[in-house]
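Asker:
2 protein chains.
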Amino acid sequence: MNTLFGAIEAGGTKFVCILGSGPEDVRAEARFPTTTPEETIRQTVGFFRCQQVEHGELAAIGIASFGPLDLDPDSPTYGYITSTPKPGWANTDFAGMIRRALSLPVGFDTDVNAAALGEWRWGAARGLDTFIYLTIGTGIGGGGMVNDRLLHGLLHPEMGHLCIPHDWGADPFAGSCPFHGDCLEGLASGPAIESRWGQRGETLLLDHPAWELEAHYLALGVVNWIYTLSPQKVILGGGVMQQARLFSLLRREVQTLLGGYLQSLATQKEIDDYIVPPALGKRAGVLGALALAMEAAQSPIVNRKS
Amino acid sequence: MNTLFGAIEAGGTKFVCILGSGPEDVRAEARFPTTTPEETIRQTVGFFRCQQVEHGELAAIGIASFGPLDLDPDSPTYGYITSTPKPGWANTDFAGMIRRALSLPVGFDTDVNAAALGEWRWGAARGLDTFIYLTIGTGIGGGGMVNDRLLHGLLHPEMGHLCIPHDWGADPFAGSCPFHGDCLEGLASGPAIESRWGQRGETLLLDHPAWELEAHYLALGVVNWIYTLSPQKVILGGGVMQQARLFSLLRREVQTLLGGYLQSLATQKEIDDYIVPPALGKRAGVLGALALAMEAAQSPIVNRKS
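These protein sequence lines are chains A and B, in that order.
Each position in the first sequence, counted from 1, maps to that position plus 320 in my numbering.
Each position in the second sequence, counted from 1, maps to that position plus 320 in my numbering.
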């Protein structure tokens, strides 16, 4: 019988919880709207308690959370959601509340680092040691691994806030980021698309100029991440990437911007294999949380530096 | 008696070779102009052979080289300088030639990754696990460590080629990068400064507007690297950074661009400790090569993935 783990994908609008041993063995699932920390965490804990009665003890819980987060194992506020603008959630001891309520080891990381871990374990990044995972949706967030270990550093990456060239001639939209205006997220997130064109991205036709512009901005982000990290693969998920044409437009634009600089990405097949959607699709986040739980079962704080 | 190592800092204009056991114990040093690979490598090998007669056998040699390089231990051209425009040096089996001539283990990496390793072992990055090292000079190059291991990935970082916003109003200079025109290197390297202002950077007065503009472009690069990698420190070396005012201008501009986003860099002391020159100064590269040699002595190919 397989060891069972719990997983929480904590987003700004909803929580997704599952219990299982891997992508092919998910025993139960629940979803709650994200309200107050107390209420949402109470529902989450209740779900896992009920499931443990039915399925037996879990070995650990993994949490893939919206941020920013304190991921420094030596910090007194390790496991907290820190300065989020989301009402009620700033300075919430998220990992601690779950750990104390369920008396289980807890793995804790950003939603995007968790998704990266899930893709590494079961998806598009299997066998790689250095790659990035981006989500392009309500915001733009990025995580990834370098030399087989998740990116943390001083805080954790905030890849969406890159400063990129803004094509004011073609695009007079000022940008929607409350921190920086026309950073990448301010120019290319879902809300930026909606503000610029006056309609939601999913209602824009395939040949709308929005998509060429979106591909251009995202390509500027992708080449900057390539120059900085030299990833072996770039995985792009999130709602905006559901637009069918965007991958092909983006791949072509990345090749153009690189200017032949990376010879190993010059052919169509090479770029098609390099910039890809998550193999786990929309399940990358919650399955990544499951992968975090599996690591936490082996050591109480995952990814502590060696 | 200390174990002795050899180190080669291979630049586009000169080679620097040393032999020793650390920054406080350098027994000999030699410099040669970089001419053809055959001639320059013959001089290098000759230097180490002579020194071994006097000082005894070396344990290993480290090479910190200009690039691009093949650093994939599984590649048939591992250890080569690959597609450099420098005449005669493209497709040169640099590490192999040194290894065969001297029959010693060879450590091989980019000049900037080597400098990062040197700073981690003996300098400004001691005790850190994730940081970057940049050189701002004839070109702009970057390397670093993530979770205590050097950044490699698909190729190796090419941090100088970031796409950043070009302030055409204040700066009509088109950029000097042969690949991308106005990428970061094209706008902010030493040759870019000279082309834009018609005189070399070291001759520009302290209050010349060149320095505000230079600080602005470099700050755009630094914040993009921060957002992508979340380094615990940013070390900036190279000829351009010798300008006394540049660090203070750059630190202030980075704080402005971050827009309060990273609370831990908000005070003067915090930013002063975060963006720093190399503690090893101009010796970071060659001492980094010595650190590569020390790693190579323990395993014949350094930084092979575990």
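Just so you know, even glycine gets a beta-carbon here, dropped at the ideal spot from N, CA and C.
In chain order, which continuous runs of the beta strand (DSSP E) of length 3 or greater are located wholly inside the region 438 to 505 of chain A?
Answerer: Taking only runs of at least 3 residues, the beta strand (DSSP E) segments lying wholly in the region 438 to 505 of chain A are 451 to 456 and 460 to 466.
Asker: How is E344(A) classed by DSSP in three states: helix, strand or coil?
Answerer: As a position in the first sequence, residue 344(A) is number 24, starting the count at 1. Coil at E344(A), not helix or strand.
Asker: Within 10 angstroms of the Cβ of A586(B), are there 16 or more other Cβ atoms? Answer buried if so, exposed if not.
Answerer: Translated into positions along the second sequence, residue 586(B) becomes position 266. Exposed is the call here.
Asker: Could you tell me whether any Cβ in chain A is nearer than 8 Å to the Cβ of V622(B)?
Answerer: Looking up residue 622(B) in the second sequence gives position 302. Its pLDDT being 43, under 50, V622(B) is placed unreliably in this model, and the value from its coordinates should be taken loosely. Output row for V622(B): interface = no.
Asker: Output yes or no for whether 8 Å exceeds the beta carbon distance between A435(A) and P598(A).
Answerer: Here residue 435(A) refers to the residue found at position 115 of the first sequence. Here residue 598(A) refers to the residue found at position 278 of the first sequence. In contact: A435(A) and P598(A) (Cβ atoms closer than 8 Å).
Asker: If contacts are defined as beta-carbon pairs under 8 Å, then L556(B) and I456(B) qualify, I think. What distance do you get, rounded to the angstrom?
Answerer: For the purposes of this step, residue 556(B) is taken as residue 236 along the second sequence, with counting starting at 1. For the purposes of this step, residue 456(B) is taken as residue 136 along the second sequence, with counting starting at 1. Yes, they are in contact, since the Cβ atoms of L556(B) and I456(B) sit about 6 Å apart, within 8 Å.
Asker: Flag this pair as yes or no: are the beta carbons of G464(B) and G480(B) separated by less than 8 Å?
Answerer: Along the second sequence, one-based indexing puts residue 464(B) at 144. Along the second sequence, one-based indexing puts residue 480(B) at 160. Not a contact, by the Cβ cut-off of 8 Å.
Asker: For A505(B) versus H536(B), is the C-beta distance shorter than 8 Å?
Answerer: Mapped onto the second sequence, residue 505(B) falls at position 185. Mapped onto the second sequence, residue 536(B) falls at position 216. Here the sequence assigns Glu to residue 505(B), which means Ala is not the residue at that position. Contact: no.
Asker: Can you tell me the Cβ-Cβ gap for E532(A) and L569(A), rounded? I've got them flagged as a contact below 8 Å.
Answerer: On the first sequence, position 212 is the one that residue 532(A) refers to. On the first sequence, position 249 is the one that residue 569(A) refers to. So it is a contact: roughly 6 Å between Cβ atoms.
Asker: Mind checking whether A611(A) and G438(A) have CB atoms under 8 Å apart?
Answerer: Taking the first sequence and counting its residues from 1, one reaches residue 611(A) at position 291. Taking the first sequence and counting its residues from 1, one reaches residue 438(A) at position 118. Yes.
Asker: By the criterion of Cβ-Cβ separation under 8 Å, what are the contact partners of V466(B) in chain A?
Answerer: Residue mapping note: residue 466(B) aligns to position 146 of the second sequence, counting from 1. Simply V466, N467, R469, L471 and G473.
Asker: Between the region 414 to 433 of chain B and the region 514 to 529 of chain A, do at least 3 Cβ pairs fall closer than 8 Å?
Answerer: Touching, no, given that fewer than three Cβ pairs across the two stretches are closer than 8 Å.
Asker: Between the Cα of R603(B) and those of G559(B), S584(B), F493(B) and A512(B), spot the shortest distance and give me the residue it belongs to.
Answerer: Position 283 of the second sequence, counted from the first residue, corresponds to residue 603(B). Measuring from the Cα of R603(B), the nearest candidate turns out to be G559(B).
Asker: Going along the chain, which residues of its own chain have a beta-carbon closer than 6 Å to the beta-carbon of L577(B), five neighbours each way excluded?
Answerer: The sequence position of residue 577(B) within the second sequence is 257, counting from 1. Only A539 and V543 meet the Cβ criterion.
Asker: Give the secondary structure of L570(A) by DSSP, where H, G and I count as helix, E and B as strand, and everything else as coil.
Answerer: To locate residue 570(A), count along the first sequence from 1; it is residue 250. Three-state DSSP puts L570(A) in a helix.
Asker: Do you know offhand how far A512(B)'s Cα is from A490(B)'s?
Answerer: Numbered from 1 along the second sequence, position 192 holds the residue referred to as residue 512(B). Numbered from 1 along the second sequence, position 170 holds the residue referred to as residue 490(B). Taking the straight line joining both Cα atoms gives about 15 Å.
Asker: Cβ atoms of D390(A) and T402(A): under 8 Å apart, would you say?
Answerer: Residue numbering aside, residue 402(A) sits at position 82 when the first sequence is read from its first letter. Residue numbering aside, residue 390(A) sits at position 70 when the first sequence is read from its first letter. Yes.
Asker: Can you grab the Cα-Cα spacing for the pair E590(B) / A564(B), in whole Å?
Answerer: Walking along the second sequence from the start, residue 590(B) turns up at place 270. Walking along the second sequence from the start, residue 564(B) turns up at place 244. Computed Cα separation, rounded: 19 Å.
Asker: Can you tell me which of G326(A), A379(A) and I452(A) puts its alpha carbon nearest to the alpha carbon of A617(A)?
Answerer: Stepping through the first sequence from its first residue, residue 617(A) is reached at position 297. The option with the nearest alpha carbon to A617(A) is A379(A).
Asker: Judging by CA-CA distance, which residue of T397(B), G408(B), D431(B) and W409(B) is the nearest neighbour of G416(B)?
Answerer: Start at 1 with the first residue of the second sequence, and residue 416(B) comes out as number 96. It is T397(B) whose Cα lies nearest to the Cα of G416(B).
Asker: Please confirm whether G473(B) and L549(A) have their CB atoms less than 8 Å apart.
Answerer: Within the second sequence, residue 473(B) is the residue found at index 153, counting from 1. Within the first sequence, residue 549(A) is the residue found at index 229, counting from 1. In this structure, L549(A) lies closer than 8 Å to G473(B) by Cβ.
Asker: Tell me which residues share the same chain as D392(A) and place their Cβ nearer than 7 Å to its Cβ, disregarding the 5 neighbours each side in the sequence.
Answerer: Reading the first sequence from its first residue, position 72 is the one you call residue 392(A). The answer, listed in chain order, is Y398.
Asker: Specify, as a first and last residue, the run of the alpha helix (DSSP H) that G387(B) falls within.
Answerer: In the second sequence, counting from the first residue as 1, residue 387(B) sits at position 67. Note, G387(B): premise wrong, no alpha helix (DSSP H); not H, not E.
Asker: Run through chain B and tell me which residues come within less than 8 Å of N544(A), C-beta to C-beta.
Answerer: Within the first sequence, residue 544(A) is the residue found at index 224, counting from 1. The answer, in chain order, is L482, C483, N544 and T548.
Asker: Tell me where the alpha helix (DSSP H) around D593(B) begins and ends.
Answerer: Residue 593(B) sits at position 273 when you count from the first residue of the second sequence. It spans Q588 to Y594 - the alpha helix (DSSP H) in which D593(B) sits, taken as one unbroken run.
Asker: Which residue or residues does DSSP assign as beta-bridge partners of R351(A)?
Answerer: Translated into the one-based positions of the first sequence, residue 351(A) becomes position 31. Bridge partners of R351(A): V336(A).
Asker: Report yes or no: is there a C-beta of chain B within less than 8 Å of the C-beta of Y581(A)?
Answerer: In the first sequence, residue 581(A) corresponds to position 261, counting from 1. Yes, Y581(A) counts as interfacial toward chain B.
Asker: Chain B partners of P477(A), CB-CB under 7 Å?
Answerer: On the first sequence, residue 477(A) is found 157 positions in, with the first residue counted as 1. Within chain B, the residues near P477(A) are Y547, T548, L549 and S550.
Asker: List the residues of chain B whose Cβ lies closer than 8 Å to the Cβ of F493(A), in chain order.
Answerer: The sequence position of residue 493(A) within the first sequence is 173, counting from 1. In chain order: nothing, as chain B lies at least about 15 Å away.
Asker: Please name the residue, chosen from D449(A), L454(A) and Y453(A), that lies closest to V466(B) on a Cα-to-Cα basis.
Answerer: In the second sequence, counting from the first residue as 1, residue 466(B) sits at position 146. Comparing Cα positions, the closest option is D449(A).
Asker: Which class does L424(B) belong to by DSSP, given the choice of helix, strand or coil?
Answerer: If you number the second sequence from 1, residue 424(B) lands on position 104. Looking at L424(B) - three-state DSSP - the assignment turns out to be coil, as it is neither helix nor strand.
Asker: Starting from F499(B), find everything on chain A with Cβ-Cβ shorter than 8 Å and list it in chain order.
Answerer: Working through the second sequence from its first residue, we reach residue 499(B) at position 179. The answer, in chain order, is G579, G580 and Y581.
Asker: Taking buried to mean at least 16 other C-beta atoms within 10 Å of its own C-beta, is S619(A) buried or exposed?
Answerer: Mapped onto the first sequence, residue 619(A) falls at position 299. That one is exposed.
Asker: Roughly how many whole angstroms lie between the Cα atoms of F325(B) and T412(A)?
Answerer: Position 5 of the second sequence holds residue 325(B). Position 92 of the first sequence holds residue 412(A). Distance between the alpha carbons of F325(B) and T412(A): 51 Å.
Asker: First and last residue of the beta strand (DSSP E) that includes E329(A)?
Answerer: For the purposes of this step, residue 329(A) is identified with residue 9 of the first sequence, where counting begins at 1. Looking at the DSSP string, the run of the beta strand (DSSP E) that includes E329(A) is F325 to A330.
Asker: Which one of E514(B), P388(B) and L475(B) has the shortest CA to CA distance from F451(A)?
Answerer: As a position in the first sequence, residue 451(A) is number 131, starting the count at 1. Ranking the options by Cα distance to F451(A), first place goes to L475(B).
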